[in-house]
Amino acid sequence: MTLSEFIEKVLKYNPKADTALLKKAYVLAEKAHQGQTRSTGEDYFTHPIGVAAILMKMYADSATLCAALLHDIVEDTSVSIEQVKQLFGEEIALLVEGVTKIEKIHFKDSEDYKAENIRKILIATAKDVRVILIKLADRLHNMQTLKTFRPEKQQRIAMETLEIYAPVAHKLGMWRLKGELEDLSLRYLEPEVYKFLRSKVAEKRAERENSTEEMIATIKQNLAEKHIDALVYGRAKYFYSIYKKMKKKKIGFNDIYDLVAIRIITKTMPECYAALGIVHDLWKPMPHRFKDYIAVPKANGYQSLHTTVVTNKGKIVEIQIRTEEMHHISEDGIAAHWKYHGTERDKKFDKKISWLKQILEWKRHSKDAADFIESLKVDLFDDEIVVFTPKGDPISLPINATPVDFAYMVHTNIGNKCSKALVNNKIVPLDYNLESGDIVEIIVNKNAEPSRQWLKSVKTAKARTKIKNTLKIEHDHDPKAERLKHDSSEDALYSVNEIYNRIEAIGKNYPLKVSKCCDIKINDKIKGFITKDNKITVHKEGCINIHTMDKKREVALLWKIDNEENIIALRLLLEDKVGLLARILSIFAANKINIKSVNTKQRKEKVITTIRFYLKDKEKLHGITSKIKQIKSVLEIAVEDK
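In my numbering, the protein residues as written are 55 to 696.
#1: In terms of residues, what are the limits of the alpha helix (DSSP H) holding E372?
#2: Classify N645 as helix, strand or coil using the three-state DSSP reduction.
#3: Would you decide whether V693 is buried or exposed? Buried here means 16 or more other CB atoms lie within 10 Å of its CB.
#4: Whose C-beta lies closer than 6 Å to the C-beta of A57 among residues of the same chain, with five residues either side of it excluded?
#5: With DSSP as the reference, identify every bridge partner of S651, one or two as the case may be.
#6: Is the beta carbon of A644 closer than 8 Å to that of N487?
#7: Since I believe I641 is in contact with V652 (beta carbons under 8 Å), could you give me their beta-carbon distance rounded to a whole number of angstroms?
#8: Let's test the definition: count the other Cβ atoms within 10 Å of the Cβ of K534 and tell me whether it reaches 16, buried, or not, exposed.
#9: Looking at C-alpha atoms only, which residue of D192, G446, I647, R506 is the closest neighbour of V105?
#10: Does the Cβ of T154 have 16 or more other Cβ atoms within 10 Å, making it buried, or fewer, making it exposed?
#11: Tell me, please, whether the region 128-135 touches the region 220-237 by the rule of three or more beta-carbon pairs shorter than 8 Å.
#12: Mind checking which residues open and close the alpha helix (DSSP H) that includes L124?
#13: Unbroken alpha helix (DSSP H) runs of length 4 or more, entirely within the region 457-531: which are they?
#14: Could you give the first and the last residue of the continuous alpha helix (DSSP H) run that contains H224?
#15: So, at 7 Å on beta carbons, what are the nonlocal neighbours of F293 in its own chain, with the 5 sequence-adjacent residues on each side left out?
#16: What distance in whole Å lies between the Cβ atoms of A315 and I375, which are believed to be in contact at a cut-off of 8 Å?
#17: Taking a contact to mean a Cβ-Cβ separation below 8 Å, would you say T118 touches L76 in this structure?
#18: Could you tell me the distance, in whole angstroms, from the CA atom of D545 to the CA atom of E489?
#19: I'd like to check one pair, L149 with D115: are the Cβ atoms closer than 8 Å?
#20: Express the C-alpha separation of R230 and E495 in angstroms, rounding to a whole number.
#21: Take T272 and list the residues in its own chain whose beta-carbon comes closer than 8 Å to its own, dropping the five residues that flank it on each side.
#22: By the 10 Å Cβ neighbour count, where 16 or more other Cβ atoms means buried, how is Y287 classified, buried or exposed?
#23: Just verifying my parser: in three-state terms, what is the DSSP assignment at I638?
#24: Three-state secondary structure (DSSP) at F344?
#25: Any idea which residues DSSP pairs E690 with across the strands?
#26: What first and last residue would you give for the beta strand (DSSP E) that runs through P452?
#27: Return the CA-CA distance between T654 and M323, expressed in angstroms with no decimal places.
#28: Quick one: using the 10 Å Cβ neighbour count with 16 as the cut-off for buried, is A502 buried or exposed?
#29: Determine whether the beta carbon atoms of K650 and P341 lie at a separation below 8 Å.
#30: Determine the direct distance from the alpha carbon of H334 to that of K66, and round the result to whole angstroms.
#31: Please report the distance separating the alpha-carbon of Y297 from that of L639.
#32: In this structure, how does DSSP classify F203 when only helix, strand and coil are distinguished?
#33: DSSP on I188, reduced to helix/strand/coil?
#34: Given this structure, state the Cα-to-Cα distance separating K631 from Q656, to the nearest angstrom.
#35: If contacts are defined as beta-carbon pairs under 8 Å, then Q208 and L200 qualify, I think. What distance do you get, rounded to the angstrom?
#36: Applying the criterion that 16 or more other CB atoms from any shown protein chain within 10 Å of the CB defines a buried residue, is P102 buried or exposed?
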């Protein structure tokens, strides 16, 4: 990319860019790296300009682009950090210095070494998040040009990328960059798996694209009829995402049905819910697959409506609906702040990176490196849920977090004095697994103190560290206990019993036995075989052990069909207040109720909201309406079957 091309591309998205400063950085970096080459044989300057190009797609500000161009200049040339400060000012010098410090970190197998190096990365990032954004772009460009390195180095860099940089991108909400880093890592860590997935995805691409295009055309037509101006397109899943799902669910490639997701990008938030209603009118939504991340956003700021529908041809398709701003945030995460808020920092921005400072604080108090690494895997790598205080304040926690985690997240003293917990106004055990939308209340007792048992169930580093400090525990890292605490015999029993209740054998009346070799989920394709002791063993269709079975003993199995769910319409007259709809929808989330659509109409200073939802057990309806009536800003409420 020439200097004129570089400046032209920056001015397209940022007409106020400091072109004089950008030109000076470009010229200095090109001159300083003159004569240097990369392992690919290209001029070294292709790397810093490549890093800057990646950041330009995120609408990076002038200072960040200058630092990207100069990020290797101190390490690899005769230019000093003092010279950078004199020529470009303190802001750019600090960014360059921050990236340079991360460049010097080399990961080893030692847990202590790794923990300390992660801490250094987080310290650099907490001072100015743009440091890690430059480093992530730097890592992506290096991964894109990794093919010339020897295999051992390829694998070391790929593993480092997968274990450290991809999760950081995930935490910052940078889904696009995270997906690219993970796919490139898979390419070098599991080359055969990568080739297999690429060929399998390519096999039926034409058929899949035709099916998707038909759905897109139908959605566009119906949106236009309702005067909703929206962008509708299909997005292929990342290879690593497919690979992870196959491993987690123990399924083959042919069992992955959502290789493509359809996205609907609207202008306004009410249009998101209107589009959802249109989609659910066109195709039947799958129960329990609706997620409202608009009402209850993820901790990294991600907002979207997710629903999965079954088409008239029996295809299962995931559909994501969001506004343009939500879309940019979902793609580029915290980097999207540039597009909508420029370089100014505000409370929302600082809140998005507060997790960095929290992790640093927990590392300071944690004396066990292995424990810190394990805790980091939860706090940095895992997906999150959002629960609420009784006042409606959102609290972000890892999946399967407990009321004790919640208590310590609110305040250390509340955690230490925690004696009981209420979730959605019901007393629950302190090791209860919270879910998104839960309303959590902690009952404290001045005589209470932390229990060592809590360490077996808590998920957050903050809770673990505070409990250990209070109990004066130094080292209790027990991998066996870690494995055991993820098993729940009660959940497993419930799952198996549910499968037994849902299967019916055609023309036979034998006891059922679910095969241990298959991870069977309800509605999977299944086959049954009569055993010598007159039981029916249930196998997943495609199980490798089926080939060893006697075909004469095969029996047809079907899943029992559930009774139809009722569609209920709830009409509300509300005061026009920010956050009110989110609070109402959290009640539905807490009760695991699948919403069909939400429509809103303005009437003077009031809002008429209609929520349509699926409800099998009408006895739940009274409890839901009672909770909604308790909200002061709800003026009227009416219910009718629809």
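Using N, Cα and C, we set each Cβ at its ideal position, and we do this for glycine too.
A quick note: this is a predicted structure, and the numbers were derived from the prediction, not measured.
Answer, in terms of the structure:
#1: First-last for E372: 370-377, but that is the beta strand (DSSP E), not the alpha helix (DSSP H).
#2: coil
#3: exposed
#4: First, the residue type needs correcting, since residue 57 is Leu and not Ala in the sequence shown. Y80.
#5: R666
#6: no
#7: At roughly 13 Å, the Cβ-Cβ gap does not stay under 8 Å, so V652 and I641 are not in contact.
#8: For K534, the predicted model reports a pLDDT of 32, less than 50, meaning its position is unreliable and no value from the coordinates is stated.
#9: D192
#10: buried
#11: no
#12: 116-124
#13: 457-464, 466-470, 515-525
#14: 220-225
#15: D237, L240, Y248, L251, R252
#16: Wrong, their Cβ atoms sit about 11 Å apart, outside the cutoff.
#17: no
#18: With a pLDDT of 37 at D545, under the threshold of 50, the modelled position of that residue is not reliable, and the figure given next carries that caveat. Each residue's alpha carbon lies about 15 Å from the other.
#19: no
#20: 37 Å
#21: L336
#22: exposed
#23: helix
#24: coil
#25: L627
#26: 448-452
#27: 10 Å
#28: exposed
#29: no
#30: 39 Å
#31: 33 Å
#32: coil
#33: helix
#34: 12 Å
#35: 5 Å
#36: buried
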